[in-house]
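**Q** First residue of the sequence shown: 0, per numbering that gives the first Met the number 0; consecutive thereafter. Each residue gets a CB set at the ideal place from its N, CA and C atoms; glycine is no exception. The following block contains the structure, expressed as structure tokens.
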Amino acid sequence: MVPDLRIRPANERVIRPGSYVLYWMIAARRARSSFALDRALEHARALGVGLVVFEPLRVAYPWACDRFHQFVLDGMRDNARAFDVPGVTYLPYLEPVPGAGSGLLETLAAKAAVVVTDDVPSGFLPRMVAAAAARLPVRVEAIDGNGLIPLRATDHAYPTAYAFRRHLQTSLQPHLRLSPEAEPLRDPLPMAQPALPADVTARWPDAFTWLAGGGSLDALPIDHSVAPTARGGASAAAARLDAFLVEGLPRYADRNDPMADVASGLSAYLHFGHISAHEVFHRVMRGQGWLGDLPSSGRGGREGWWGVSPAAEGFLDQLITWREVGLNMCAHRADYDQFGSLPAWAQATLARHADDPREHVYTLDDFDAARTHDPLWNAAQRQLVREGRMHNYLRMLWGKKILQWSATPQDALATMIDLNNRYALDGRDPNSYSGIFWTLGRYDRPWGPEREIFGTVRYMSSENTARKVRVKDYLARYGTEPTLFSDL
Numbered sequence: 000m001v002p003d004l005r006i007r008p009a010n011e012r013v014i015r016p017g018s019y020v021l022y023w024m025i026a027a028r029r030a031r032s033s034f035a036l037d038r039a040l041e042h043a044r045a046l047g048v049g050l051v052v053f054e055p056l057r058v059a060y061p062w063a064c065d066r067f068h069q070f071v072l073d074g075m076r077d078n079a080r081a082f083d084v085p086g087v088t089y090l091p092y093l094e095p096v097p098g099a100g101s102g103l104l105e106t107l108a109a110k111a112a113v114v115v116t117d118d119v120p121s122g123f124l125p126r127m128v129a130a131a132a133a134r135l136p137v138r139v140e141a142i143d144g145n146g147l148i149p150l151r152a153t154d155h156a157y158p159t160a161y162a163f164r165r166h167l168q169t170s171l172q173p174h175l176r177l178s179p180e181a182e183p184l185r186d187p188l189p190m191a192q193p194a195l196p197a198d199v200t201a202r203w204p205d206a207f208t209w210l211a212g213g214g215s216l217d218a219l220p221i222d223h224s225v226a227p228t229a230r231g232g233a234s235a236a237a238a239r240l241d242a243f244l245v246e247g248l249p250r251y252a253d254r255n256d257p258m259a260d261v262a263s264g265l266s267a268y269l270h271f272g273h274i275s276a277h278e279v280f281h282r283v284m285r286g287q288g289w290l291g292d293l294p295s296s297g298r299g300g301r302e303g304w305w306g307v308s309p310a311a312e313g314f315l316d317q318l319i320t321w322r323e324v325g326l327n328m329c330a331h332r333a334d335y336d337q338f339g340s341l342p343a344w345a346q347a348t349l350a351r352h353a354d355d356p357r358e359h360v361y362t363l364d365d366f367d368a369a370r371t372h373d374p375l376w377n378a379a380q381r382q383l384v385r386e387g388r389m390h391n392y393l394r395m396l397w398g399k400k401i402l403q404w405s406a407t408p409q410d411a412l413a414t415m416i417d418l419n420n421r422y423a424l425d426g427r428d429p430n431s432y433s434g435i436f437w438t439l440g441r442y443d444r445p446w447g448p449e450r451e452i453f454g455t456v457r458y459m460s461s462e463n464t465a466r467k468v469r470v471k472d473y474l475a476r477y478g479t480e481p482t483l484f485s486d487l
């Protein structure tokens, strides 16, 4: 059973007689460990009807490009295989031009007993769900499968990771017992595969029919300059998790080394819903021999509460605390992506130093093309553009330098959001916004001494970073000019 706290009625319509249950899959793009899929199957079994899984991809979403489209399309191929089971009809749809998919959801919902979708707190999806729920003549339920703790288990945005961690340590354990089904399609639905409405396939051919008929990403009105990189989909996510558990997690203490390659690499798969935080958590804890026992309370510390290895503790803090504090912010602050959402102290100190002289001021185009005077920053930007990811420690430096080299803090924020969301596979994600805003003071505290431009916002420099982590090999891989740092 899906916990009540994760079920949000998106309208006041009722469940009615229908030909099938419709799962409008917009975020949890997978066939396992999904509360939304569990809920749709619960309805189908209770009503004695089949399930239609509708997974669309628009062309007009912000920063639409080949990189993101291909990642989702990889997932659709995996889902086509996973949903090829009795009682389920899967419809993947790639919109060829803006507006071409208009009316498809309504046509599918016309014969549905109930519509289930994903409850996501960020981006354009909440507005899209609200608009659809208002016009559909059938009950729409939005299901929260974002993290280990439900979004509605908190009533405000936590100002620091420490405060949120303390909340988790007193509130998380009951929710850990309520996980989605690992293999919800293992027991087939005992009914025939539902038929789609007669005009659907003629007006809106599925993604693979469209591609087989000569359609291609090249023909779509999206950004073709941002090329595909890593393979998406549930099978690639599972392979990445397997590799991390064997090769990365035992050496996770070395995660600040940009060439150690011990990061999980899961953030893009979590963002696109190709794997769930629940599955990652349970796989890690099985490997640790964890028995499910936790202290009844905690003091907000990063280590020792889980009772597992230090490497696993460090990873869990990233997976749960830092990932879900971003979800918490988006769930409770509609302005999560606006400068005004920064803590008052950060806004005040940045305002006091807004007119400080800047030795270097770069435009968005300069940053995009990695045309700064700093070889380490340029290398990090090149990694982002080429691979759709950036080493986490260098991402912090990347943001701090954009603040230092922009005309205003507001310009810096706009640049970070644009570059990150344009290129990063995990861009546009709540966790990604946490990283961007952290560079401006979110989830942090004032730091002395007070400096020009930064005020009391935490300062970072490339020289200090080069002394703390090994960057020579990183510069060799992603740099194109000689290093300016004599002490590397």
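1) Out of curiosity, what's the CA-to-CA distance linking leucine 175 and arginine 357?
2) Over the uninterrupted alpha helix (DSSP H) stretch that includes arginine 429, give me the two end residues.
3) Could you check what DSSP says for threonine 88 in three-state terms: helix, strand or coil?
4) Quick check on DSSP: helix, strand or coil for alanine 30?
5) When you compare only the Cα positions, how much space is there between leucine 315 and arginine 282?
6) Does the Cβ of glycine 291 have 16 or more other Cβ atoms within 10 Å, making it buried, or fewer, making it exposed?
7) Using only alpha-carbon positions, find the residue among Trp321, Asp443, Asn420 that is nearest to proline 342.
8) Please work out which residues of its chain come closer than 6 Å, Cβ to Cβ, to alanine 259, disregarding the five sequence neighbours upstream and downstream, and give them in chain order.
9) Inspect the beta-carbon positions of glutamine 192 and glycine 387 and report whether they are closer than 8 Å.
10) Given a cut-off of 8 Å on the beta-carbon distance, is the pair threonine 320 and leucine 167 in contact?
11) Alpha carbon to alpha carbon, how far is alanine 201 from valine 87? Give it in angstroms, no decimals.
12) Return the CA-CA distance between proline 179 and tyrosine 458, expressed in angstroms with no decimal places.
13) So if DSSP puts leucine 175 in a beta bridge, which residue, or which two residues, is it bridged to?
14) Does the distance from the CB of leucine 474 to the CB of alanine 368 come in under 8 Å?
15) Whole angstroms is fine: what's the gap from proline 309's alpha carbon to glutamine 172's?
16) Report the residue from Leu124, Ala112, Ser295, Ala99 whose alpha carbon sits nearest the alpha carbon of proline 61.
17) Using 8 Å as the threshold, is the stretch 70-84 in touch with the stretch 37-47, meaning 3 or more CB pairs across them?
18) When burial is assigned at 16 or more other CB atoms within 10 Å of the CB, is arginine 370 buried or exposed?
19) Just to confirm my understanding: we take leucine 219, look at its own chain, exclude 5 residues before and 5 after, and list those with CB closer than 6 Å. What are they?
20) Taking three-plus beta-carbon pairs below 8 Å as touching, is the stretch 199-215 in contact with the stretch 31-41?
21) Along the chain, where does the alpha helix (DSSP H) that runs through phenylalanine 53 open and close?
22) Would you say valine 468 and aspartate 186 are within 8 Å of each other, going by their C-beta atoms?
23) By the three-class DSSP mapping on this structure, what secondary structure does arginine 164 have?
24) Going by the C-beta, is proline 85 closer than 7 Å to any heavy atom of the ligand GDP?
25) With H, G and I counted as helix, E and B as strand and the rest as coil, what does DSSP make of tryptophan 321?
26) Tell me which residue opens and which closes the alpha helix (DSSP H) that tyrosine 477 is part of.
27) Given that a residue counts as buried once 16 or more other Cβ atoms are within 10 Å of its Cβ, and exposed if not, what is alanine 35?
28) What's the call for threonine 493, buried or exposed, on a 16-neighbour Cβ count within 10 Å?
29) Bridge partners for cysteine 329 per DSSP, in chain order?
30) Counting only the same chain and skipping the five closest in sequence on each side, list residues whose C-beta sits under 8 Å from that of valine 71.
31) Which of helix, strand or coil does DSSP assign to glycine 306?
32) What are the boundary residues of the beta strand (DSSP E) that threonine 116 is part of?
33) Can you name the start and end residues of the alpha helix (DSSP H) that arginine 7 belongs to?
34) Would you mind sorting methionine 0 into buried or exposed? The rule is 16 or more other CB atoms within 10 Å of its CB.
35) How big is the Cα-Cα spacing for proline 120 and alanine 330?
36) Skipping 5 residues on each side, what residues in its chain have a beta carbon closer than 6 Å to that of leucine 491?
**A** Put simply:
1) Whole-angstrom Cα-Cα distance: 49 Å.
2) In the sequence on display, residue 429 carries proline and not arginine. Proline 429 -> alpha helix (DSSP H) spans 429-437.
3) In the structure shown, threonine 88 sits in a strand (DSSP, three-state: E or B).
4) In the structure shown, alanine 30 falls within a coil segment according to DSSP collapsed to helix, strand and coil.
5) It is roughly 12 Å from the alpha-carbon of leucine 315 to the alpha-carbon of arginine 282.
6) Taking a 10 Å sphere around the C-beta of glycine 291, we find fewer than 16 other C-beta atoms and assign the residue as exposed.
7) It is Asp443 whose Cα lies nearest to the Cα of proline 342.
8) The answer, listed in chain order, is Asp253.
9) Against a cut-off of 8 Å, the Cβ pair of glycine 387 and glutamine 192 comes out as no contact.
10) The Cβ atoms of threonine 320 and leucine 167 lie closer than 8 Å to each other.
11) Approximately 20 Å between the Cα atoms of the pair.
12) In this model, proline 179 and tyrosine 458 are separated by some 42 Å (Cα to Cα).
13) DSSP, once it has assigned bridges, lists no residue as partnering leucine 175.
14) Against a cut-off of 8 Å, the Cβ pair of alanine 368 and leucine 474 comes out as no contact.
15) Spanning the alpha carbons of proline 309 and glutamine 172 requires a straight line of approximately 20 Å.
16) The shortest C-alpha to C-alpha distance from proline 61 to any of Leu124, Ala112, Ser295, Ala99 is the one to Leu124.
17) Result no; under three Cβ-Cβ pairs closer than 8 Å.
18) Flag for arginine 370 reads exposed.
19) Excluding sequence positions up to five before and after leucine 219, its CB lies within less than 6 Å of the CB of Val58, all in the same chain and listed in chain order.
20) Output reads no: the stretch 31-41 does not touch the stretch 199-215.
21) Residue range 49-56 is occupied by the beta strand (DSSP E) that includes phenylalanine 53, with no alpha helix (DSSP H) assigned at that position.
22) No; because the gap between Cβ atoms is not below 8 Å, this pair is not in contact.
23) Arginine 164 falls in the helix class under three-state DSSP.
24) This structure lacks the ligand GDP; in fact it carries no ligand of any kind.
25) DSSP places tryptophan 321 in helix when its eight states are reduced to three.
26) Residues 471-477.
27) Burial is judged here by how many other beta carbons sit within 10 angstroms of a residue's own beta carbon; alanine 35 has at least 16 and is buried.
28) This structure cannot settle anything about residue 493, because the visible part of the chain is limited to 0 through 487.
29) None; cysteine 329 has no bridge partner.
30) Cβ neighbours of valine 71 beyond the five flanking positions: Arg28, Leu56, Gly231, Phe271.
31) In the structure shown, glycine 306 sits in coil (DSSP, three-state: anything other than H, G, I, E or B).
32) Counting along the chain, threonine 116 sits inside the beta strand (DSSP E) bounded by residues 111-117.
33) Careful: arginine 7 lies outside any alpha helix (DSSP H), inside the beta strand (DSSP E) at 6-8.
34) Its Cβ having fewer than 16 others within 10 Å, methionine 0 is exposed.
35) Cα to Cα, proline 120 sits roughly 5 Å from alanine 330.
36) Because the chain here runs from 0 to 487, residue 491 falls outside it and cannot be looked at.
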